[in-house]
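Chemist:
Residue numbers (the numbering used here): 13 to 123.
Listed below in structure tokens is the structure:
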């Protein structure tokens, strides 16, 4: 469902996809999608069922989120699969793409 999320993010006004599967060399963590929302970089994690025990994040997911918050200064948005499955906003089926070739360095993972 990560492809659906990225497609929907691309269709939303004011959002630019910076990079998919971005990896921070310093921490070793990867982020599913980096986006820019009105000049603010936001990390997006698309979390499927393997990230959860019931509706609670599993240990590995909780550790990654905590370390990400402690080590970085970029907001993190987690999109759990059950919330996505219940989403009906217009962009789920919109095919508009954003062709802005914005680039970013590894600052998203630095203090």
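Quick reminder that beta carbons are idealized off the backbone N, C-alpha and C, glycines included. Just so it is clear, the structure is predicted and the values come from calculations on it, not from any experiment.
Quick one: what does DSSP say residue 46 is sitting in, helix, strand or coil?
Modeler: It is a strand residue.
Chemist: Is there contact here, the segment 67-80 with the segment 27-45, by at least three beta-carbon pairs under 8 Å?
Modeler: Counting Cβ pairs under 8 Å, three or more are found: they touch.
Chemist: Tell me, please, whether the segment 65-75 touches the segment 17-34 by the rule of three or more beta-carbon pairs shorter than 8 Å.
Modeler: No, they do not touch.
Chemist: If you draw a straight line from the alpha carbon of residue 21 to that of residue 13, how long is it in whole angstroms?
Modeler: Straight-line Cα distance between these residues: approximately 12 Å.
Chemist: Compute the Euclidean distance between the alpha carbons of residue 84 and residue 55, then round it to the nearest angstrom.
Modeler: Looking at the two C-alpha atoms, the distance is approximately 10 Å.
Chemist: For a test of the three-state rule: what should DSSP assign to residue 75, helix, strand or coil?
Modeler: Correct three-state label for residue 75: helix.
Chemist: Is residue 75 buried or exposed, if buried means 16 or more other CB atoms sit within 10 Å of its CB?
Modeler: Answer is exposed; the Cβ neighbour count stays below 16.
Chemist: Which residues share a DSSP beta bridge with residue 55?
Modeler: Note: residue 55 sits in a beta bridge opposite 46 and 88.
Chemist: Helix, strand or coil for residue 13, going by three-state DSSP, please let me know.
Modeler: In the structure shown, residue 13 sits in coil (DSSP, three-state: anything other than H, G, I, E or B).
Chemist: Sorted by chain position, which residues of the same chain lie with C-beta nearer than 7 Å to residue 15's C-beta, five sequence neighbours on each side aside?
Modeler: So the list is empty, once near-sequence residues are dropped.
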